[in-house]
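Trainee: Dropping a structure here in structure tokens format, bear with me for questions.
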Amino acid sequence: MRRVTGFLVLVLIALLAFAIPSVSAQQEPIRIGVYEPMTGPMAAGGQMTWEGIVLAHEMTPTVLGRPIKLFLADNKSDKVESANAVAKLIEQDKVIAIIGSYGSSNSIAGGDVAEKAGIPMMTDSATNPLVTLDKEYMFRACFIDPFQGEVMAKFAYGEGVRKAAILKDVAQDYSVGLSNYFKKTFIALTGDPKSIVAEVAYQTGDQDFSAQLTQVINSKAEALFVPGYFGDMALVAKQLRQLGSKILLMGGDAIDAPELVTIGGTAAEGIVFSTFYSADAPATPEAKKFVDAFKAKYGKTPNANGALGYDTYNLVVDAIRRANSDDPKKIRDAMASTKDFPAVTGSTTIDESGDATKDAVLLKVVDGKFTYLTTVKP
Amino acid sequence: MLGVYNPARARLKLLLTFGGLAVLAAAIWWGNANLSSYNLRILNLAGINAILAVSMNLIFGFTGLFSLGHAGFMAVGAYTCALLTLPVATKDSIFLLAPLAWPFSVITLPPIAAVVCAGATAGLMAYLTGFPVLRLRGDYLGIATLGFAEIIRVVANNIPSITNGALGLKGIPSFASNLWWTWGCVGITVFVISRLVNSVYGRSLLAVREDEVAAEIMGVNRTYHKTVAYVIGSFFAGVGGALMGSLVTTIDPKTFGFTLTFNILIIVVAGGLGSITGSVLTSVIYTVLLEALRPIEASWRIGPLRVPEIPGLRMVVFSLVLLVIILFYQRGLFGGREFSWDRVLDWIDRRRSRKQGVRA
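From first to last, the protein sequence lines are chains A and B. Numbering-wise (the numbering used here), the first sequence opens with residue 1 and increments by one. Numbering-wise (the numbering used here), the second sequence opens with residue 379 and increments by one.
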């Protein structure tokens with residue numbers, strides 16, 4: 001009897017689950033797929049990106065006189081699920097272009113499926129150089145790790161720093177990539193292979209950095225580059241200042257979040273980082289329009305992920321418009337020839353490897369606010 | 379009726395077995411040619427999960443070793459296979475942090491050899507770690523093996539000249555997107571492990587599971603049997619990891635976190651500890667169900683009411699299903715029972731005699 005009851009309950013759940021979806025089709029829409037980490041460890045980034053995409057969709061709901069329909073597939077921050085999600089978008093939802101994903105590892109897995117199916121894909125914030133490598137249908141709207149590493153190395157050199165230290169998260173491809181290129185550029189600028197006086201590492205989830213920071217202080221470095229996420233950076237800043245060091249702290253776009261200041265407090269003062277745009281000092285009319293619309297819809301200031309999601313949607317729609325067709329091959333060609341697109345995160349041009357070249361903005365924490373410092377051209 | 383040797387029935391069973399295999403082969407052949415690549419991907423993934431679940435069942439279900447190191451052995455297998463099958467040109471372009479170490483930088487092996495190497499490396503690793511670790515029992519063993527899996531992940535992050543560090547590997551040849559490969563490996567895994575379990579060794583494994591001290595008094599070499607089960611289980615975990623790397627075509631250390639082990643543990647427990655049939659069927663159900671539930675996360679309308687996308691809803695439904703399984707089938711869906719032709723034939727016999735009884 002228990003068995004039978006159990007079986008009946010299972011059947012009931014299955015029926016409920018399958019009875020729900022019923023999508024009504026009116027005019028044949030343009031189908032665009034989105035795969036993002038909406039759950040799992042990367043969910044914060046994926047959800048912010050999705051908010052940006054939804055906002056862009058509300059502002060531009062049609063292209064070529066046809067409505068645009070978005071299909072969202074959650075990849076659970078996981079490679080295997082990413083590949084499944086992209087296969088599902090292509091075969092079941094019949095999408096003609098795909099946006100995604102936050103997280104380079106997800107994008108590499110999804111990109112391979114899209115490449116084989118011949119569907120163009122544009123990733124919003126996957127900065128690992130491997131993402132677009134050897135891929136014809138894979139593009140990205142953000143700049144790549146090498147560029148950001150270079151920008152920060154040049155900035156440090158320009159500030160008169162001749163001895164720099166690096167604290168990297170070895171478990172994050174983003175962190176490893178940025179520090180790699182920072183190191184290369186800085187050594188090239190100073191001409192001294194010993195100019196990186198300390199290169200220390202931690203793992204995602206570490207809370208105590210005092211051993212590494214003591215090593216950095218003992219190395220007499222004049223600046224510390226920490227290409228980690230905002231939570232790590234806030235803790236690093238606190239612990240570094242507690243140890244009595246006043247050296248220059250630098251980071252990448254991953255610390256562009258209000259939590260940097262709420263967690264770091266006064267210790268976050270003076271941190272300089274590169275990012276895509278500044279919500280406080282929008283440089284272009286598009287950026288201003290976006291920030292206002294985002295605040296009106298969600299009641300909060302958008303961060304770089306929201307802006308990139310918004311931009312990626314508009315870049316894809318722009319490619320469809322210029323291709324004047326819903327043929328994935330033509331959309332791919334149009335995407336590849338994107339030039340000077342007025343995006344929120346800066347004028348965007350897609351280069352021959354499928355990567356976006358755009359300006360980087362340098363921001364500095366002053367009085368608990370991110371203030372605009374300068375813009376760096378690629 | 380059981381236990382009495384019946385030549386007619388033995389012949390019938392052999393015939394049925396070959397017939398069943400022929401039907402399966404035909405299904406694979408048909409599937410490879412006709413299924414969409416999305417469906418193929420899910421079936422391949424189901425096969426890989428089946429290999430992993432059956433191998434974990436040998437370690438946990440049959441031998442009673444609560445080992446949580448599966449993700450670690452998968453990582454070893456996946457990296458070995460990837461490094462051996464990646465074309466040299468791809469290796470040159472993806473190792474951005476440090477050049478790939480010799481000898482991996484010059485060799486490329488055919489997939490079959492690479493998969494066997496992957497399993498062998500994982501097996502060797504199991505032998506080396508099993509020696510000290512298998513002295514532990516119960517939860518302590520679980521913690522030690524979990525620690526081993528984490529060590530593998532951390533090491534993979536820190537040796538960029540072999541693993542490319544956190545950047546991961548990409549462009550792995552996708553031989554495992556072929557049903558012959560994945561389900562062929564399932565066949566080999568099930569054959570080897572079921573033969574092992576039904577042999578004298580298998581009886582000893584069960585004896586060790588039920589009571590280690592009693593087993594040793596009866597003359598079972600406890601350490602030897604535990605190690606055999608651990609190494610063979612890990613061998614197939616390595617094979618499963620290699621196939622998963624090939625199916626997704628990219629791996630990085632993050633892929634092999636401990637949640638992966640727990641997903642497989644869920645399959646093994648839901649299917650029934652000590653049931654190979656349960657592990658295989660539950661793997662298929664688990665994998666297919668996770669994908670089949672995707673539509674409930676999409677946005678939908680009831681008349682004018684539009685319900686937005688709810689990411690994560692399928693995991694809620696999925697948890698409910700697991701809850702029901704554990705509440706109503708405490709020993710898993712199959713509870714230690716196996717599929718066998720005897721069971722099927724007995725059932726048919728009983729049905730027939732009951733019908734005749736009614737008629738008479």
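Every residue gets a Cβ at the ideal spot worked out from N, C-alpha and C, and that includes glycine. The structure presented is a predicted model; accordingly, all values stated were derived computationally and were not measured.
1. Using a Cβ cut-off of 8 Å (strictly closer), state whether A:K79 contacts chain B.
2. Going by other Cβ atoms of all chains shown within 10 Å of its Cβ, with 16 needed for buried, is B:N576 buried or exposed?
3. Does any C-beta atom of chain A lie closer than 8 Å to the C-beta of B:G649?
4. Beta-carbon separation of A:F182 and A:F155 under 8 Å?
5. According to DSSP, is B:F509 helix, strand or coil?
6. Determine the contact status of B:A449 and B:G649, defining contact as a CB-CB distance below 8 Å.
7. If you measure beta-carbon to beta-carbon, which residues of the segment 145-173 of chain A are closer than 7 Å to chain B?
8. Cα separation between A:V261 and A:G228?
9. Given a limit of 7 Å on CB to CB distance, which residues of the segment 91-107 of chain A reach chain B?
10. Quick check on DSSP: helix, strand or coil for A:D169?
11. Looking at the secondary structure, which residues open and close the beta strand (DSSP E) in which B:W678 lies?
12. Just how far apart, CA to CA, sit A:L167 and A:A201?
13. To be precise: take each residue of the segment 525-540 of chain B, compare its Cβ to all Cβ atoms of chain A, and keep it if any distance is under 9 Å. Which residues remain?
14. So the beta strand (DSSP E) A:Y372 belongs to, where does it begin and stop?
15. Start and end of the alpha helix (DSSP H) containing A:A304?
16. Using 8 Å as the threshold, is the C-beta distance between B:N435 and B:V646 below it?
17. Would B:G455 be called buried (16 or more neighbouring beta carbons within 10 Å of its own) or exposed?
18. B:D630 lies in the alpha helix (DSSP H); which residues open and close that run?
19. At 8 Å on the CB atoms, spell out the chain B contacts of A:K88, in chain order.
20. Output the distance between the C-alpha atoms of B:F438 and B:I429, rounded to the nearest integer angstrom.
21. Does B:M693 have its Cβ less than 8 Å from a Cβ in chain A?
22. Where A:L243 and A:T214 are concerned, what is the direct C-alpha to C-alpha distance, given to the nearest angstrom?
23. Compare the C-beta of B:I644 with all C-beta atoms of chain A and state if any pair is closer than 8 Å.
24. Of the residues A:V161, A:Q239, A:P342, A:K339, which one's Cα is nearest the Cα of A:Q207?
25. From B:L443 to B:A615, what distance separates their C-alpha atoms?
26. Does DSSP put A:G251 in a helix, a strand or coil?
27. In terms of DSSP beta bridges, what is A:V272 paired with?
28. Report yes or no: is there a C-beta of chain B within less than 8 Å of the C-beta of A:A73?
29. According to DSSP, is A:Q241 part of a helix, a strand, or is it coil?
30. Residues of chain A with CB under 9 Å from B:R715, in chain order?
31. Measuring CB atoms only, is the segment 289-305 of chain A touching the segment 353-366 of chain A, in the sense that at least three cross pairs come out at less than 8 Å?
32. Taking a cut of 9 Å between CB atoms, which residues from the segment 704-728 of chain B lie near chain A?
33. If you compare alpha carbons, which of A:V344, A:S107, A:T312 is closest to A:T49?
34. Interface residues of chain A around B:A544 at Cβ under 7 Å?
35. Pairing CB atoms from the segment 543-553 of chain B with CB atoms from the segment 469-487 of chain B, are three or more of them under 8 Å?
36. Check B:G618 in the structure and name its three-state DSSP category.
Mentor: Walking through what the data contain:
1. In the first sequence, residue 79 of chain A corresponds to position 79, counting from 1. For A:K79, the answer is yes, since a Cβ of chain B falls inside 8 Å of its Cβ.
2. Translated into positions along the second sequence, residue 576 of chain B becomes position 198. Flag for B:N576 reads exposed.
3. Within the second sequence, numbered from 1, the residue matching residue 649 of chain B stands at position 271. Chain A contact via Cβ: absent.
4. Residue mapping note: residue 182 of chain A aligns to position 182 of the first sequence, counting from 1. Residue mapping note: residue 155 of chain A aligns to position 155 of the first sequence, counting from 1. Between A:F182 and A:F155, the C-beta spacing is not below 8 Å.
5. Here residue 509 of chain B refers to the residue found at position 131 when the second sequence is read from its first residue. Three-state DSSP puts B:F509 in a helix.
6. If you number the second sequence from 1, residue 449 of chain B lands on position 71. If you number the second sequence from 1, residue 649 of chain B lands on position 271. With contacts defined as CB atoms closer than 8 Å, B:A449 and B:G649 fail to qualify as a contacting pair.
7. Answer set for the segment 145-173 of chain A: V170, A171, Q172, D173.
8. Here residue 261 of chain A refers to the residue found at position 261 of the first sequence. Here residue 228 of chain A refers to the residue found at position 228 of the first sequence. A:V261 and A:G228 have their alpha carbons spaced roughly 15 Å apart.
9. Listed by position, the residues of the segment 91-107 of chain A near chain B (Cβ gap below 7 Å) are E91, Q92, S105.
10. Residue 169 of chain A sits at position 169 when you count from the first residue of the first sequence. Strand.
11. Residue numbering aside, residue 678 of chain B sits at position 300 when the second sequence is read from its first letter. In the DSSP assignment, B:W678 falls within the unbroken beta strand (DSSP E) covering 678-680.
12. For the purposes of this step, residue 167 of chain A is identified with residue 167 of the first sequence, where counting begins at 1. For the purposes of this step, residue 201 of chain A is identified with residue 201 of the first sequence, where counting begins at 1. Cα atoms of A:L167 and A:A201: separation of roughly 5 Å, rounded to the nearest angstrom.
13. Residues R531, V532, N535, N536, P538.
14. Sequence index remark: in the first sequence, residue 372 of chain A carries index 372 (1-based). Residues 369-376.
15. Working through the first sequence from its first residue, we reach residue 304 of chain A at position 304. It spans 304-323 - the alpha helix (DSSP H) in which A:A304 sits, taken as one unbroken run.
16. As a first step, residue 435 of chain B must be located in the second sequence, where it is residue number 57. As a first step, residue 646 of chain B must be located in the second sequence, where it is residue number 268. By the CB criterion at 8 Å, B:N435 and B:V646 fall inside the cutoff.
17. Translated into the one-based positions of the second sequence, residue 455 of chain B becomes position 77. So B:G455 counts as buried.
18. Locating residue 630 of chain B in the second sequence gives position 252, counting from the first residue. DSSP places B:D630 outside any alpha helix (DSSP H), giving it a letter other than H or E.
19. Taking the first sequence and counting its residues from 1, one reaches residue 88 of chain A at position 88. Residues of chain B with a Cβ closer than 8 Å to the Cβ of A:K88 are, in chain order, Y416, E669, R672.
20. As a working note, residue 438 of chain B is residue 60 in the second sequence. As a working note, residue 429 of chain B is residue 51 in the second sequence. Looking at the two C-alpha atoms, the distance is approximately 14 Å.
21. Numbered from its first residue, the second sequence carries residue 693 of chain B at position 315. Closer than 8 Å to some Cβ of chain A, the Cβ of B:M693 qualifies, so yes.
22. For the purposes of this step, residue 243 of chain A is taken as the residue at position 243 of the first sequence. For the purposes of this step, residue 214 of chain A is taken as the residue at position 214 of the first sequence. In this structure, the straight-line span from the alpha carbon of A:L243 to that of A:T214 is close to 8 Å.
23. Residue mapping note: residue 644 of chain B aligns to position 266 of the second sequence, counting from 1. Put simply, the CB of B:I644 is far from chain A, with every gap to its CB atoms at 8 Å or more.
24. As a first step, residue 207 of chain A must be located in the first sequence, where it is residue number 207. When each option's Cα is compared against that of A:Q207, the closest is A:Q239.
25. For the purposes of this step, residue 443 of chain B is taken as residue 65 along the second sequence, with counting starting at 1. For the purposes of this step, residue 615 of chain B is taken as residue 237 along the second sequence, with counting starting at 1. Put simply, the backbone Cα of B:L443 is about 15 Å away from that of B:A615.
26. Position 251 of the first sequence, counted from the start, is the residue given in the question as residue 251 of chain A. Reduced to three states, the DSSP call for A:G251 is strand.
27. For the purposes of this step, residue 272 of chain A is identified with residue 272 of the first sequence, where counting begins at 1. Within the DSSP secondary-structure output, A:V272 pairs in a beta bridge with A:M250, A:K364.
28. Within the first sequence, the letter at position 73 stands for residue 73 of chain A. Chain B contact via Cβ: present.
29. Sequence index remark: in the first sequence, residue 241 of chain A carries index 241 (1-based). Checking the sequence, you will find Arg at residue 241 of chain A rather than Gln. Note: A:R241 maps to helix in three-state DSSP.
30. Counting from 1 along the second sequence, the entry for residue 715 of chain B is found at position 337. Ordered by position in chain A, no residue passes the 9 Å Cβ test against B:R715, which lies about 13 Å from the chain.
31. Segments in contact, no.
32. Answer set for the segment 704-728 of chain B: L705, F706, Y707.
33. The residue given as residue 49 of chain A occupies position 49 in the first sequence. Nearest option by C-alpha distance: A:T312.
34. The residue you call residue 544 of chain B lines up with position 166 of the second sequence. Per Cβ cutoff of 7 Å: V170, A171, Q172, D173, V176.
35. Judged by Cβ distances under 8 Å, the segment 543-553 of chain B makes contact with the segment 469-487 of chain B, as three or more pairs qualify.
36. Taking the second sequence and counting its residues from 1, the one referred to as residue 618 of chain B is at position 240. Here B:G618 sits in helix by DSSP.
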